[in-house]
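**Student:**
Number of protein chains: 2
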Amino acid sequence: MNQAMNALSVLGEPNRLAIVELLRDGELTVGEIAQRLEIRQPQASKHLKILTENEILEVKADANRRIYKLRPEPFQSLESWLKTFQKIMEERYDKLDDYLQVLQQKDKTKKSKK
Amino acid sequence: MNQAMNALSVLGEPNRLAIVELLRDGELTVGEIAQRLEIRQPQASKHLKILTENEILEVKADANRRIYKLRPEPFQSLESWLKTFQKIMEERYDKLDDYLQVLQQKDKTKKSKK
DNA sequence: AAGGAATATTCCTGCAATAGAATATTTAAA
DNA sequence: TTTAAATATTCTATTGCAGGAATATTCCTT
């Protein structure tokens with residue numbers, strides 16, 4: 015869960031989340047990321063550093079370029095963390111069931127004209 | 015995805031995440047939350063306000079107490095947002111596990127399911 | 001070797017958000 | 001009706017963090 019906690023705080027920053035969204039479609043260089051997000055290069059580098067230090071991204075060197083891409087682990091961590099809330103999520107279906115029962119009851123009363 | 019984005023930024027704060035962790039096991043009052051997290055009551059109230067405004071929690075009034083509990087929706091939003099990264103997660107799985115390659119081949123021979 | 005491109009780093013500033021302290025509000029109980 | 005408990009709110013102060021600007025570093029090209 016530590017890994018998931020980390021990911022949450024790192025992805026809480028809008029630009030970093032945007033970077034992750036960008037990289038979902040494939041790897042990109044720093045310049046490409048800065049350009050597409052319309053942020054300055056140093057800011058992109060800083061966010062990329064934080065993302066990499068927290069193991070959300072990994073870098074590959076290509077001459078004087080750095081190519082960043084997503085690592086799958088943090089997303090898997092987030093998923094298994096979310097699994098621990100399944101009980102709560104299922105509760106919602108319970109509510110839906112209750113609602114459906116209410117509808118059925120109303121339907122019954124209608125049909126039997128009480 | 016907007017809902018998921020919101021949840022991410024709200025849960026990026028450690029105390030708020032801790033509150034959510036606490037409430038996973040059931041509803042609690044403000045005082046109980048403050049006590050268990052060893053934070054002061056006003057701070058607890060403030061975080062609870064933010065969590066409620068962002069629809070991560072819901073409140074129920076009981077006399078002069080307020081009972082907070084989790085809402086399932088944000089977690090479902092996070093889950094479906096994570097689903098959009100499944101491709102990336104599976105990619106890494108390929109590299110690590112030969113068994114999946116076997117499955118992939120079987121899938122290829124089967125071709126179109128439903 | 002020199003210049004330029006891509007990226008990282010450092011230093012500084014400003015701001016937003018969190019914590020702290022004090023007070024207000026609501027409700028129950030005596 | 002006074003008191004106490006639970007919570008919310010307001011105001012202030014502090015700090016962490018993101019952004020800006022300038023510079024450093026690395027690598028390619030000529």
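The listed protein sequences correspond, in order, to chains A and B.
If you're matching positions, the first sequence starts at 15 in our numbering and goes up one per residue.
If you're matching positions, the second sequence starts at 15 in our numbering and goes up one per residue.
We put the beta carbon where it would ideally sit given N, CA and C, even for glycine.
In this text, all values refer to a predicted model and were calculated from it rather than measured experimentally.
With a threshold of 9 Å between beta carbons, is B/Leu-42 in contact with chain A?
**Tutor:** Not one chain A Cβ lies under 9 Å of B/Leu-42.
**Student:** With a threshold of 9 Å between beta-carbons, can B/Arg-38 be considered close to chain A, or not?
**Tutor:** True, the Cβ-Cβ gap to chain A drops below 9 Å.
**Student:** Can you give me, in chain order, the residues of the stretch 72-102 of chain A that have a beta carbon less than 7 Å from any beta carbon in chain B?
**Tutor:** So the list reads Leu-84, Pro-86, Phe-89, Gln-90, Leu-92, Glu-93, Leu-96, Thr-98, Phe-99, Ile-102, given in the order they occur along the chain.
**Student:** To the nearest angstrom, how far is the alpha carbon of B/Asp-76 from that of A/Leu-25?
**Tutor:** Between B/Asp-76 and A/Leu-25, the C-alpha separation is close to 36 Å.
**Student:** Check the Cβ-Cβ distances between B/Pro-28 and every residue of chain A, and say whether any is below 9 Å.
**Tutor:** Chain A, which has a Cβ nearer than 9 Å to the Cβ of B/Pro-28, makes this yes.
**Student:** Since A/Arg-50 is in the alpha helix (DSSP H), which residue starts that stretch and which ends it?
**Tutor:** Where A/Arg-50 is concerned, the enclosing alpha helix (DSSP H) stretches over 44-51.
**Student:** Pull up the CB-CB distance for B/Leu-71 and B/Lys-83, whole angstroms please, since I reckon it's below 8 Å.
**Tutor:** Contact flag correct, Cβ pair sits at about 7 Å.
**Student:** Taking only the alpha-carbon atoms, compute the straight-line gap between B/Leu-57 and A/Gln-17 and give it to the nearest angstrom.
**Tutor:** First, the residue type needs correcting, since residue 57 of chain B is Gln and not Leu in the sequence shown. In a straight line, the C-alpha of B/Gln-57 is about 26 Å away from that of A/Gln-17.
**Student:** Please list the terminal residues of the continuous beta strand (DSSP E) segment that includes B/Ser-72.
**Tutor:** Looking at the sequence provided, one finds Glu at residue 72 of chain B rather than Ser. Unbroken beta strand (DSSP E) run through B/Glu-72: 71-76.
**Student:** For A/Asn-78, tell me which candidate among A/Val-34, A/Arg-30, A/Val-44 has the shortest Cα-Cα distance.
**Tutor:** Among A/Val-34, A/Arg-30, A/Val-44, the Cα nearest to that of A/Asn-78 belongs to A/Val-44.
**Student:** Which chain A residues are close to B/Leu-62, counting only those with a beta carbon under 7 Å from its beta carbon?
**Tutor:** Per Cβ cutoff of 7 Å: no residues; B/Leu-62 is ~17 Å from chain A at best.
**Student:** Using 8 Å as the cut-off, can you tell me whether the stretch 28-36 of chain B makes contact with the stretch 33-40 of chain A, which would need three or more C-beta pairs spanning the two stretches below that distance?
**Tutor:** The stretch 28-36 of chain B, when compared against the stretch 33-40 of chain A, does not touch it at the 8 Å Cβ threshold.
**Student:** Within 9 Å (strictly less), CB to CB, does B/Glu-104 reach chain A?
**Tutor:** Cβ-Cβ to chain A under 9 Å: yes for B/Glu-104.
**Student:** Under a three-way DSSP split, which group does A/Met-54 fall into?
**Tutor:** Here the sequence assigns Arg to residue 54 of chain A, which means Met is not the residue at that position. Here A/Arg-54 sits in coil by DSSP.
**Student:** Between the Cα of B/Pro-88 and those of A/Leu-65, A/Lys-74, A/Ala-21, A/Leu-96, spot the shortest distance and give me the residue it belongs to.
**Tutor:** Comparing Cα-Cα distances from B/Pro-88 to each of A/Leu-65, A/Lys-74, A/Ala-21, A/Leu-96, the minimum goes to A/Leu-96.
**Student:** Could you spell out where the beta strand (DSSP E) holding A/Arg-38 opens and where it closes?
**Tutor:** No beta strand (DSSP E) contains A/Arg-38, which DSSP labels as neither H nor E.
**Student:** Please state the DSSP three-state secondary structure of A/Arg-85.
**Tutor:** Correct three-state label for A/Arg-85: coil.
**Student:** Which residue wins for smallest C-alpha separation from B/Glu-67, given the options B/Glu-104, B/Leu-51, B/Arg-85, B/Ile-53?
**Tutor:** It is B/Arg-85 whose Cα lies nearest to the Cα of B/Glu-67.
**Student:** According to the neighbour-count rule (16 or more other Cβ atoms, all chains shown, within 10 Å of its Cβ), is B/Gln-115 buried or exposed?
**Tutor:** Note on B/Gln-115: pLDDT 49, under 50, position unreliable in the model; no value is reported.
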